[in-house]
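Asks: Residue numbers for the sequence shown follow UniProt numbering, beginning at 1 and rising by one. One structure is given below, represented as structure tokens, and several questions about it will come after.
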Amino acid sequence: KVTIKNIERELICPACKELFTHPLILPCQHSICHKCVKEILFTLEDSFTDGGSESSNQSSPRIRIHSPSMDRIDRISRSGTKRNSLTPRTTMFPCPGCRHDIDLGERGISGLFRNLTLETIVERYRQAARAATAIMCDFCKPPAQESTKSCMDCSASYCNECFKVYHPWGTVKAQHEYVGPTTNFRPKILMCPEHEMERVNMYCEICRRPVCHLCKLGGSHANHRVTTMSTAYKTLKEKLSKDIEYLISKESQVKSQISQLGLLMKETECNGERAKEEASQNFEKLFDVLQEKRSVALRAIEASKNLRLEKLQTQIEEYQGLLENNGLVGYAQEVLKETDQSCFVQTAKQLHVRIQKATESLKSFRPAAETSFQDFVVDVAKQEEVLGDLSFYSNGLDVPEINEEKSKMYNKAVISWECPGKADSADIYVLEYRKLNKDEESVTWQEIEVCSKSKVISDLDNNSSYAFRVRGYKGSICSPWSREVILHTPPAPVFSFLFDDKCGYNSEHLLLNPRRSSVESRAGFPLLLGAERIQVGCYTTLDYIIGDTGIAKGKHFWAFHVEAHSYLVKVGVASSAKIQEWLHNPRDVTSPRYEQDSGHDSGSEDTCFESSQPFTLVTLGMRSFFIPKAPAAPKDSASRILPMPSCIGVCLDYDKGKVGFYDADHMKCLYERQVDCSGIMYPAFALMGGSGIHLEEAIAANYLEYQDDI
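Take a look at the structure:
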């Protein structure tokens with residue numbers, strides 16, 4: 001049972017932020033109070049009338065209407081002007097819910113439906129909110145009694161006695177519809193706003209609104225697809241019920257996510273306060289540096305100023321001595337009074353030197369110190385630019401990037417990442433991954449803490465896609481998440497095998513490595529000797545090698561690399577019967593193009609050639625992947641040539657008799673065909689010329705580990 005008070009936010013008008021009053025449904029499916037629609041339209045009309053400018057057009061219609069002025073609306077309606085029309089000059093309405101301009105059509109407000117269902121829910125909410133306040137009878141003489149019924153036809157509430165008086169038995173009023181006490185008297189029948197006398201009985205699937213039969217016959221919905229109201233009711237109710245059931249079934253998930261969001265809020269609050277504290281400390285450091293620099297600069301300027309003042313003051317005193325009866329001149333005047341010649345000469349000599357210096361200083365006056373402090377101007381242009389660029393950063397933690405070349409999917413997933421910047425690496429990384437499921441829109445991320453920059457993940461589902469992301473942590477600071485990388489698992493469980501060095505292995509032409517995980521064809525001296533004996537035609541020899549483990553049931557996948565310089569390589573599967581036949585009757589594979597040519601390009605030679613091959617194979621070579629030619633395929637061979645993937649996969653479904661060839665890097669099927677799975681099936685390979693094949697390392701490594709355990 002829904003608690004009515006828990007849905008209050010759904011009952012609030014987006015314009016006035018109060019409970020809906022006579023809500024109307026806009027074409028965008030949002031609801032808004034009738035009075036709010038009128039107030040917004042009148043405000044919008046005023047903006048066109050008064051100014052018509054862009055600024056006035058953008059000003060008020062989208063903002064919250066705190067208190068719609070109903071007196072003003074009534075005054076406008078009574079004024080007798082055209083503005084009391086329900087169709088204003090503009091039919092574009094700015095919806096407060098979705099913030100888009102909605103076209104109300106030619107009828108304006110008159111073309112909008114009342115949301116009667118929402119009205120009923122709002123009224124139930126009001127009744128729940130004022131449960132202690134009773135609805136009084138509208139017809140009782142004072143004191144009024146509490147009402148027990150409300151008549152939907154009379155739009156009034158009655159107590160038991162008044163109801164009997166005004167709805168006597170045997171009259172028409174006795175047939176009126178009555179409900180419990182309410183103040184919400186909505187119309188019993190939803191009428192068409194365009195044809196006011198017609199009842200809506202159809203639903204337009206294009207406009208998603210109820211219509212009447214006149215709207216369909218010749219109105220605006222004549223060419224629209226409509227359905228009956230009962231069908232629309234049933235369909236929409238089933239959809240809504242299923243959606244509600246789905247949401248209810250996910251209640252535990254929603255509660256878990258709410259708890260997670262609550263924890264994230266607390267973590268955000270703590271980290272925000274910590275970040276504010278760290279930012280404040282950093283700015284305090286800047287302030288301290290600036291304060292120290294300021295003090296040093298002011299002390300230097302003060303010392304220079306005092307030194308210059310001292311020099312100028314000394315110069316002033318010297319020049320004051322040049323005045324009569326003052327200083328040097330006064331002293332010289334007193335010396336001139338000396339009558340003793342020897343004493344005069346003794347004193348006058350030194351005095352004369354001083355007088356000459358004073359005379360020269362008068363001729364070339366120069367202040368003892370500069371008044372300008374241009375050498376003490378602080379250049380802060382670069383510092384201002386640096387401070388202007390001052391911004392936040394992730395405390396030296398760069399966003400890690402998943403290296404798609406080093407990351408791969410096989411029997412397990414290997415995810416590698418790196419930090420492109422030169423900043424300090426994180427102390428720990430968190431790797432998250434989730435399976436991409438078409439049925440579920442949101443799948444919970446699985447989290448793994450990693451101390452290195454790579455991780456091996458096991459137990460992934462086959463034939464699935466997974467999304468991976470990683471972030472770094474250093475203390476309580478974390479970097480943003482990396483870009484999500486999507487990788488695909490193989491279409492079937494990985495099949496482990498090595499090359500068989502006994503069954504059909506030609507050691508003269510093929511070379512295996514000690515681990516039997518790689519094979520190369522030695523197109524050298526023996527092939528030249530064989531070619532020396534050939535005088536006519538073009539005969540080529542394929543050297544076959546198979547896997548040492550067979551498949552008798554199920555679906556399996558394996559992958560390998562073909563050397564880019566390889567001239568010709570064939571890969572696929574072979575049955576035990578075909579292998580025995582080939583071992584007992586080995587032969588060279590010849591090209592019918594150069595022997596017994598039919599003289600026309602009908603493709604019959606291709607069919608014979610394919611049937612003559614001992615195994616089911618596709619051709620690789622010269623950096624290309626060749627799709628076999630089907631009987632009904634076009635003759636254009638260029639469309640059958642694809643770039644050779646760096647890693648090639650083969651998927652054998654033994655039970656269904658199918659083999660597929662894949663681009664193993666992206667797990668994309670390039671070619672698939674039927675195959676006769678009679679007996680045990682083996683991975684098969686054929687090489688010619690300078691060629692090389694390397695089994696996927698994970699297969700060989702797992703197999704060797706298993707052999708070591710044995």
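Just so it is clear, CB atoms sit at the ideal spot from N, CA and C, and this is done for glycine as well. Owing to the predicted nature of the structure, the values given are computational and were not obtained by experimental measurement.
Would you kindly work out how many angstroms separate the C-alpha atoms of C13 and S220, rounded to a whole number?
Replies: Sequence index remark: in the sequence shown, residue 13 carries index 13 (1-based). Sequence index remark: in the sequence shown, residue 220 carries index 220 (1-based). Distance between the alpha carbons of C13 and S220: 29 Å.
Asks: Quick check: the Cα distance between L695 and L583, rounded to an integer number of angstroms?
Replies: Taking the first residue of the sequence shown as position 1, residue 695 is located at position 695. Taking the first residue of the sequence shown as position 1, residue 583 is located at position 583. Those two C-alpha atoms are separated by around 24 Å.
Asks: Can you look up A156 in the DSSP assignment and give me helix, strand or coil?
Replies: Counting from one through the sequence shown, the residue named residue 156 turns up at place 156. Here A156 sits in strand by DSSP.
Asks: With distances taken between CB atoms, is the gap from P400 to G472 smaller than 8 Å?
Replies: Numbered from 1 along the sequence shown, position 400 holds the residue referred to as residue 400. Numbered from 1 along the sequence shown, position 472 holds the residue referred to as residue 472. The answer is yes: Cβ separation under 8 Å.
Asks: Apart from the five residues on each side of it in sequence, which residues of its chain come closer than 6 Å, Cβ to Cβ, to L19?
Replies: In the sequence shown, counting from the first residue as 1, residue 19 sits at position 19. Excluding sequence neighbours, L19 sits near L11, V122.
Asks: Hey, quick one: how far does the beta strand (DSSP E) through V456 stretch, first residue to last?
Replies: Position 456 of the sequence shown holds residue 456. Segment 454 to 457, the beta strand (DSSP E) holding V456.
Asks: Tell me whether the segment 135 to 149 and the segment 100 to 115 touch, counting them as touching only if at least three CB pairs, one residue from each stretch, are closer than 8 Å.
Replies: Taking 8 Å as the limit for Cβ pairs, the verdict is that the segment 100 to 115 does not touch the segment 135 to 149.
Asks: Hey, how far is the Cα of G649 from the Cα of T117?
Replies: In the sequence shown, counting from the first residue as 1, residue 649 sits at position 649. In the sequence shown, counting from the first residue as 1, residue 117 sits at position 117. Roughly 60 Å between the two C-alpha positions.
Asks: Start and end of the alpha helix (DSSP H) containing M229?
Replies: Taking the first residue of the sequence shown as position 1, residue 229 is located at position 229. Looking at the DSSP string, the run of the alpha helix (DSSP H) that includes M229 is 229 to 249.
Asks: For the alpha helix (DSSP H) that contains Y331, what are its first and last residues?
Replies: Reading the sequence shown from its first residue, position 331 is the one you call residue 331. It spans 327 to 336 - the alpha helix (DSSP H) in which Y331 sits, taken as one unbroken run.
Asks: What does the alpha-carbon distance come out to for the pair R515 and C451?
Replies: Here the question's residue 515 lines up with position 515 in the sequence shown. Here the question's residue 451 lines up with position 451 in the sequence shown. For R515 and C451, the distance between alpha carbons rounds to 32 Å.
Asks: By how many angstroms is the C-alpha of H556 removed from the C-alpha of A577?
Replies: Locating residue 577 in the sequence shown gives position 577, counting from the first residue. Locating residue 556 in the sequence shown gives position 556, counting from the first residue. One C-alpha to the other measures close to 20 Å.
Asks: Pull up the DSSP beta-bridge partners for A297, would you.
Replies: Locating residue 297 in the sequence shown gives position 297, where the first residue counts as 1. A297 is not bridged to any residue.
Asks: If S575 and S678 are in contact, beta carbons under 8 Å, what's the gap, nearest whole angstrom?
Replies: As a first step, residue 575 must be located in the sequence shown, where it is residue number 575. As a first step, residue 678 must be located in the sequence shown, where it is residue number 678. At roughly 6 Å, the Cβ-Cβ gap stays under 8 Å, so S575 and S678 are in contact.
Asks: To which residues of the same chain is H561 closer than 6 Å at the C-beta, ignoring the five residues directly before and after it?
Replies: Start at 1 with the first residue of the sequence shown, and residue 561 comes out as number 561. Only C647, H694 meet the Cβ criterion.
Asks: Cβ atoms of C651 and P493: under 8 Å apart, would you say?
Replies: The count along the sequence shown starts at 1 and reaches residue 493 at position 493. The count along the sequence shown starts at 1 and reaches residue 651 at position 651. Not in contact: P493 and C651 (Cβ atoms no closer than 8 Å).
Asks: Should the segment 352 to 365 be called in touch with the segment 291 to 309, which here means at least 3 C-beta pairs below 8 Å?
Replies: No contact exists between the segment 352 to 365 and the segment 291 to 309.
Asks: Per DSSP, what kind of secondary structure is T616 in: helix, strand or coil?
Replies: Working through the sequence shown from its first residue, we reach residue 616 at position 616. T616: strand per DSSP, three-state reduction.
Asks: According to DSSP, is M644 part of a helix, a strand, or is it coil?
Replies: For the purposes of this step, residue 644 is taken as residue 644 along the sequence shown, with counting starting at 1. Coil, per DSSP.
Asks: Are the CB atoms of F93 and I7 within a distance shorter than 8 Å?
Replies: Taking the first residue of the sequence shown as position 1, residue 7 is located at position 7. Taking the first residue of the sequence shown as position 1, residue 93 is located at position 93. Cβ distance not < 8 Å, so I7 and F93 don't count as in contact.
Asks: Mapping DSSP to helix, strand and coil, what is M681?
Replies: Translated into positions along the sequence shown, residue 681 becomes position 681. Correct three-state label for M681: strand.
Asks: If you draw a straight line from the C-alpha of F625 to the C-alpha of Y567, how long is it?
Replies: What you label residue 625 is simply residue 625 of the sequence shown in a count that begins at 1. What you label residue 567 is simply residue 567 of the sequence shown in a count that begins at 1. Their backbone Cα atoms lie some 12 Å apart in a straight line.
Asks: With DSSP as the reference, label C419 as helix, strand or coil.
Replies: Taking the sequence shown and counting its residues from 1, the one referred to as residue 419 is at position 419. Coil, per DSSP.
Asks: Determine which residues share a DSSP beta bridge with F373 and list them.
Replies: Translated into positions along the sequence shown, residue 373 becomes position 373. For F373, which the question treats as bridged, DSSP gives no partner whatsoever.
Asks: List the DSSP bridge partners of residue 717.
Replies: Here the chain covers residues 1 to 710 and nothing more, so residue 717 does not appear.
Asks: Quick check on H195: does DSSP put it in helix, strand or coil?
Replies: Position 195 of the sequence shown, counted from the first residue, corresponds to residue 195. Note: H195 maps to coil in three-state DSSP.
Asks: What I want to know is whether the C-beta of K311 ends up closer than 7 Å to one or more non-hydrogen atoms of the ligand ATP.
Replies: With respect to small molecules bound, the structure shown includes none, and the ligand ATP cannot be examined in it.
Asks: So, at 8 Å on beta carbons, what are the nonlocal neighbours of A174 in its own chain, with the 5 sequence-adjacent residues on each side left out?
Replies: Numbered from 1 along the sequence shown, position 174 holds the residue referred to as residue 174. Excluding sequence neighbours, A174 sits near H167, P168.
Asks: Three or more C-beta pairs under 8 Å: does that hold for the segment 238 to 248 against the segment 208 to 225?
Replies: Judged by Cβ distances under 8 Å, the segment 238 to 248 makes no contact with the segment 208 to 225, as fewer than three pairs qualify.
Asks: F615 and V573 - do their beta-carbons sit closer together than 8 Å?
Replies: The residue given as residue 573 occupies position 573 in the sequence shown. The residue given as residue 615 occupies position 615 in the sequence shown. Yes. Within cutoff.
Asks: Three or more C-beta pairs closer than 8 Å, one from the segment 309 to 322 and one from the segment 332 to 340: is that the case here?
Replies: The segment 309 to 322 is not in contact with the segment 332 to 340.
Asks: Do you know how far the Cα of A348 is from the Cα of E360?
Replies: Sequence index remark: in the sequence shown, residue 360 carries index 360 (1-based). Sequence index remark: in the sequence shown, residue 348 carries index 348 (1-based). Rounded to the nearest angstrom, the two C-alpha atoms are 18 Å apart.
Asks: Please report the distance separating the alpha-carbon of G692 from that of D461.
Replies: The sequence position of residue 692 within the sequence shown is 692, counting from 1. The sequence position of residue 461 within the sequence shown is 461, counting from 1. Computed Cα separation, rounded: 32 Å.
Asks: I'd like the list of long-range same chain contacts for Q446, defined as Cβ closer than 8 Å, with 5 residues on each side in sequence excluded.
Replies: Residue mapping note: residue 446 aligns to position 446 of the sequence shown, counting from 1. Cβ within range, chain order: E432, Y433, R434.
Asks: For A15, which three-state DSSP category applies?
Replies: Indexing the sequence shown from 1 puts residue 15 at position 15. Three-state result, A15: coil.
Asks: Are the beta-carbon atoms of V470 and I402 separated by less than 8 Å?
Replies: Taking the sequence shown and counting its residues from 1, one reaches residue 470 at position 470. Taking the sequence shown and counting its residues from 1, one reaches residue 402 at position 402. A contact, by the Cβ cut-off of 8 Å.
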